[in-house]
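Written below as structure tokens is the structure these notes are about.
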Amino acid sequence: MDDNQNIEELLNLNRQLTALEKLEIKEQLISYINHLLLLDFNKLVQILYRVDVDEKKLKRLLLENKETDAAIIIANLLIERLEEKEKTKNIFKSGGDIPDEEKW
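Just so you know, the sequence shown maps onto residues 95 to 198 in my numbering.
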């Protein structure tokens, strides 16, 4: 994966992905994260901050799953957070799907 490639573009959550495509993208993401862990940790931190991954949740999962590759945990959290952002964006695009009591 090119260092300049945007993770959000890679995942492109606006389109439907097959299970195989999702797996391939996740494997690319894990490889890229491992690369960043070894060679450019500051860039990884910037990505996590920009995507707004919950730092406390990440630390907790890393401590609870010491036997799991950290890149897998980080990739799962990045994907989870980007999916949350996409769902929120879609809710606000539709405008009418928000219950009246939750509108401002």
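In this text, a Cβ means the ideal position worked out from N, Cα and C, and glycines have one as well.
Values in this document were obtained by computation on a predicted structure and should not be read as measured data.
- Message: Using the three-state DSSP reduction, which class does lysine 160 fall into: helix, strand or coil?
- Response: coil
- Which first and last residues belong to the alpha helix (DSSP H) in which valine 202 is found? Because the chain here runs from 95 to 198, residue 202 falls outside it and cannot be looked at.
- Mind reading off the beta-carbon distance from valine 145 to arginine 175? Whole number of angstroms is fine, and I expect it under 8 angstroms. Cβ-Cβ separation between valine 145 and arginine 175: approximately 5 angstroms, consistent with a contact (criterion under 8 angstroms).
- State whether the region 165-179 contacts the region 116-126, with contact taken as three or more CB pairs (one from each stretch) at a distance under 8 angstroms. yes
- Straight-line Cα distance separating isoleucine 166 from glutamate 149: 15 angstroms
- Query: Leaving out the 5 sequence neighbours to the left and right, which residues in its chain are closer than 8 angstroms to leucine 130 when beta-carbon positions are compared?
  - Reply: Lys137, Leu138 and Ile141
- When burial is assigned at 16 or more other CB atoms within 10 Å of the CB, is tyrosine 143 buried or exposed? Tyrosine 143 should be labelled exposed.
- Query: Considering only the beta carbon of each residue, do leucine 152 and isoleucine 168 sit closer than 8 angstroms?
  - Reply: yes
- Per-residue DSSP class, three states only, for threonine 182: helix
- Task: On a CA-only basis, which of Ala164, Thr182, Phe186 and Lys187 is nearest leucine 132? Give me that one, please.
- Result: Ala164
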